[in-house]
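Down below is the structure, laid out as structure tokens.
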Amino acid sequence: MVKRYLAPSDYSATDAWRLIEWCLSIGADEFTIDCVETDSRAGKVWSRFDKSVQQFFRGEQTRERMSGRTADDLTRTTKLWSLNDTTVEALKRALPSGVLAYDPMDAGWFEDPVFYRAGNLMLGVLSHEAFAVLRLSEVEVEQLAKAGFPSHDSVPRIG
Numbered sequence: 001m002v003k004r005y006l007a008p009s010d011y012s013a014t015d016a017w018r019l020i021e022w023c024l025s026i027g028a029d030e031f032t033i034d035c036v037e038t039d040s041r042a043g044k045v046w047s048r049f050d051k052s053v054q055q056f057f058r059g060e061q062t063r064e065r066m067s068g069r070t071a072d073d074l075t076r077t078t079k080l081w082s083l084n085d086t087t088v089e090a091l092k093r094a095l096p097s098g099v100l101a102y103d104p105m106d107a108g109w110f111e112d113p114v115f116y117r118a119g120n121l122m123l124g125v126l127s128h129e130a131f132a133v134l135r136l137s138e139v140e141v142e143q144l145a146k147a148g149f150p151s152h153d154s155v156p157r158i159g
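The sequence shown begins at 1 in my numbering and counts up one residue at a time.
If you want it as structure tokens, here you go:
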């Protein structure tokens, strides 16, 4: 597998969602996402999202993540949902600025979505660090470029 790095500044929200559709078309089949809630209405931000995706809940499995408290925590028990047209629409509502954007809000927000293919991390986003990693075959890297999706050989520098 080849790692390609993505910079949110290279993508409009529309292009980032087109990337998710592309990942779905080449085998991405499940995802996870984190929710940060900050005020007294804790639970409301998550519960709205959960209601829209709960029929696609796959349970919890051990999966690689993009962040953790320690290096050992990068692979941990993770809540998973099927990736399909319905859940992509729910993600669009949860991440209105795009899947690669970091958009904290007063009541709470979603961040760090990770998309898997056959249990392996395919696209992982570190929202507040402003980068994502995409793991593809060499043929898929060529297809990515032909589809017009910018990517980098290493983590892009900000600023």
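In this text, a Cβ means the ideal position worked out from N, Cα and C, and glycines have one as well.
Remark: three or more beta-carbon pairs, one from each stretch, lie closer than 8 Å, so the region 16 to 28 and the region 106 to 121 are flagged as touching.
Three or more Cβ pairs closer than 8 Å define a contact, and the region 4 to 14 meets that threshold against the region 120 to 133. A straight line joining the alpha-carbon of Trp22 with that of Met105 spans about 28 Å. A residue is called buried once 16 or more other Cβ atoms fall within 10 Å of its Cβ, and Val139, having fewer, is exposed. For Thr77, the closest C-alpha among the options Ser137, Arg63, Ser52, Thr70 is that of Arg63. Shown here, Pro113 sits in a strand according to DSSP, grouped into three states. Residue burial annotation: Gly59 is exposed, with fewer than 16 other C-beta atoms found within 10 angstroms of its C-beta. Within the region 73 to 152, the runs of alpha helix (DSSP H) that reach at least 4 residues and sit entirely inside it are, in chain order, 85 to 94, 138 to 146. In the three-state reduction of the DSSP assignment, Thr38 falls in the coil class.
The shortest C-alpha to C-alpha distance from Phe57 to any of Arg69, Thr87, Leu74 is the one to Thr87. Non-local C-beta neighbours of Leu95 in its own chain, meaning closer than 6 Å and more than five positions away in sequence, comprise Phe110, ordered along the chain. Remark: C-beta atoms of Val53 and Ala90 approach each other more closely than 8 Å.
Of the candidates Arg135, Asp85, Ala147, the residue whose Cα lies closest to the Cα of Ser154 is Arg135. For Thr62, the three-state secondary structure derived from DSSP is strand. For Ile33, the secondary structure class from DSSP, reduced to helix, strand or coil, is strand. By the CB criterion at 8 Å, Val125 and Asp112 fall inside the cutoff.
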